[in-house]
Amino acid sequence: MNEKAEVQNPKSRIQNLTSINDLTKEEILGLLKKSQELKQALKKKPRLPLADGKTAALVFEKPSLRTRVTFEVAMQQLGGSCVYLGPQDIGLGTRETVPDIARNLSRWVDCIIARVFEHQKVTDLAENSSIPVINALSDDEHPCQILADLLTMLELRGELEDATIAWTGDGNNVCNSLILACSIIGMNLRIATPRGFEPPKAIIDKAHEYTRSSRAQISLTHDPAKAVKDADFVYTDTWASMGQENEAEQRRKIFQPFQLNKELLAKARPDARVLHCLPAHRGEEITDDVLDGPRSIVLDQAENRLHAQRALLAELLGSLTRE
Ligand code: CP
Ligand code: NVA
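Position in the sequence shown (first residue = 1) + 10 = our numbering.
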């Protein structure tokens, strides 16, 4: 028996969330359903003891507003608690090896929620712990963000299949998780990036494995107008992700034609909605009028981080029995 199964919800087949492709389409849709159920239930009751007495360690190498607050609030609402370990606290891979940290945390807490630079740190944590590990953003992926985004789009449309999303900007971690999610679920995605900033080939190849059965259409272009034409949703993110601060000035020039402004948005469907994972860099990847305008759903996305992650924690920790 897998060691993890002993300390996880025995009814759940989900072991970790290191990448969105740890989940099948059915598992993603199941988590979204559970997110909606708990969202309604929490309106009537302040707490649901689905992770009563459980503790999550938040291992964060990078700053965060949304991810940290929503995981901490979600754990509280489920009857559990969090220990926050910031960049100066444990020296992930410097003061101590990642496997050693994973083995120690497994003796004290019930879940590791990790925000890291190198994606391998999150997979190393997962491989060396006997408790669930959740990727709270790595240089390669941001699966929790995408669960919240899917929930937001589902609430608006009533279904996800056949929606067309346009991405304009950097082929980054958020874009990678979106590509995998769309290809698994069967949503169409058109990605516009500058040359040299396309998503990694490994992600595109993986997506094509999934599209054979999901029939999703995933395309790459260097022309944002082409990507956005008649799209249902237009998504953008920062031009310089955390860790790329020293490239920010150079990137501002390269990415300018990919700015999400009212001229670009006018090419999408008249009822198209605007997505951004936040934090936004106003006047760079997105203009104020679009970010704050009537078609923006960025705060619904931010709220849904709480609902999606609460469902994920309930799923992973729900019937957990630790001796
Ligand atoms: N979208 C997101 O992950 O926000 P934070 O970096 O503030 O957590
Ligand atoms: N791509 C951004 C996402 C922030 C939530 C970054 O990695 O900084």
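Quick reminder that beta carbons are idealized off the backbone N, C-alpha and C, glycines included.
Reduced DSSP secondary structure (H/G/I, E/B, other) of residue i
i: H152; result: coil
i: E333; result: Legend: pLDDT at E333 = 36, less than 50; position of this residue unreliable, value from coordinates given subsequently. The answer is coil: DSSP assigns E333 none of H, G, I, E or B.
i: R167; result: helix
i: F341; result: Limits of the chain in this structure are 11 at one end and 333 at the other, which puts residue 341 out of reach.
i: W249; result: coil
i: R200; result: strand
i: H286; result: strand
i: L33; result: coil
i: I24; result: coil
i: I296; result: strand
i: A84; result: helix
i: L60; result: coil
i: T162; result: helix
i: N145; result: strand
i: R195; result: Sequence check: residue 195 is Ile here, not Arg. Helix, per DSSP.
i: A51; result: helix
i: L270; result: strand
i: I175; result: strand
i: S91; result: strand
i: S187; result: helix
i: S45; result: helix
i: M11; result: Summary for M11: the model assigns pLDDT 38, below 50, so the residue's position carries little reliability, and this model does not support an answer.
i: E16; result: Low confidence applies here, because E16 scores a pLDDT of 48, under 50, leaving its location unreliable; read the following figure in that light. Here E16 sits in helix by DSSP.
Same chain only: Cβ atoms within 7 Å of residue i, ignoring 5 sequence neighbours per side
i: L42; result: L160, L161 and L164
i: P204; result: H232, I264, F265 and F268
i: V238; result: A176, T178, V244, L274, K277 and A278
i: G103; result: K131
i: Q227; result: N198
i: A324; result: K44, L48, L60, A61 and L88
i: R292; result: D298 and L301
i: S91; result: T65 and M85
i: G181; result: I201, T203, F207, E208 and P209
i: N183; result: L147, S148, D149, D150, E151, H152 and S251
i: L135; result: V108, A112, I122, A124 and V143
i: A217; result: I189, L190, S193 and I228
i: E219; result: none
8 Å CB neighbourhood of residue i in its chain, flanking five on each side removed
i: S224; result: K35, S193, I194, I195 and G196
i: L345; result: Only positions 11 to 333 of the chain appear in the structure, and residue 345 is not among them; the question remains open.
i: N271; result: I296, T297, D299 and V300
i: Q87; result: L52, P56, R57, L58 and R320
i: A258; result: W249 and A250
i: I307; result: T162, L166, R283, V284 and L285
i: S74; result: R125, A146 and L147
i: T133; result: T28
i: E37; result: R23 and I24
Alpha carbon of residue i to alpha carbon of residue j, nearest angstrom
i: D120; j: P142; result: 7 Å
i: I24; j: E137; result: 14 Å
i: L326; j: L39; result: 15 Å
i: N256; j: R262; result: 11 Å
i: A241; j: A290; result: 21 Å
i: K64; j: I144; result: 15 Å
i: L330; j: S140; result: Note that L330 scores a pLDDT of 42, beneath 50, so its modelled location is shaky; the value from the coordinates is reported in the next line. C-alpha separation (whole angstroms): 12 Å.
i: I111; j: E82; result: 21 Å
i: E106; j: M252; result: 23 Å
i: D215; j: L115; result: 35 Å
i: D172; j: S29; result: 23 Å
i: T80; j: L322; result: 12 Å
i: H129; j: K54; result: 38 Å
i: E16; j: E294; result: Note on E16: pLDDT 48, under 50, position unreliable in the model; the coordinate value appears next. Between E16 and E294, the C-alpha separation is close to 48 Å.
i: T221; j: F127; result: 29 Å
i: R305; j: D281; result: 7 Å
i: Q254; j: L33; result: 29 Å
i: R117; j: S22; result: 21 Å
i: Q260; j: K211; result: 24 Å
i: E333; j: K72; result: Model confidence at E333 stands at a pLDDT of 36, short of 50, so the residue's coordinates are unreliable and nothing is read from them.
Chain-order list of residues whose beta-carbon lies under 6 Å from that of residue i (same chain, five-residue window excluded)
i: A185; result: Checking the displayed sequence, the identity of residue 185 turns out to be Cys instead of Ala. Counting only Cβ-Cβ distances below 6 Å, and skipping sequence neighbours, we find W177 and P209.
i: A158; result: Q311, N314, R315 and A318
i: A235; result: K277
i: R200; result: A176, S229 and A237
i: I213; result: N186 and I189
i: V93; result: A67
i: N31; result: L190
i: T174; result: N198, A241 and D242
i: L309; result: none
i: T77; result: A146
8 Å Cβ cutoff, residue i in contact with chain B
i: L322; result: The structure shown contains no chain B; it is built from a single protein chain.
- Task: Give, in chain order, every unbroken run of the alpha helix (DSSP H) that is at least 4 residues long and sits entirely within the region 206-245.
- Result: 211-224 and 234-238, all fully within the region 206-245.
- Count the C-beta pairs between the region 241-250 and the region 280-287 that are closer than 8 Å, then say yes if the count reaches three, no if not. A contact exists between the region 241-250 and the region 280-287.
- Item | Stretch-stretch touch, CB-based, cutoff 8 Å, three pairs: the region 91-109 with the region 143-153 | Here the region 91-109 makes no contact with the region 143-153; the two share fewer than three CB pairs at distances below 8 Å.
- Message: Whether or not the region 166-179 and the region 47-62 are in contact is what I'm after, with contact meaning three or more pairs of Cβ atoms, one per stretch, closer than 8 Å; do they touch?
- Response: By the Cβ test, the region 47-62 is not in contact with the region 166-179, since fewer than three Cβ pairs between them sit closer than 8 Å.
- Task: Within the region 95-136, note down every full beta strand (DSSP E) run reaching 3 residues or more, in order along the chain.
- Result: Counting whole runs of 3 or more residues, the region 95-136 contains the beta strand (DSSP E) stretches 121-125.
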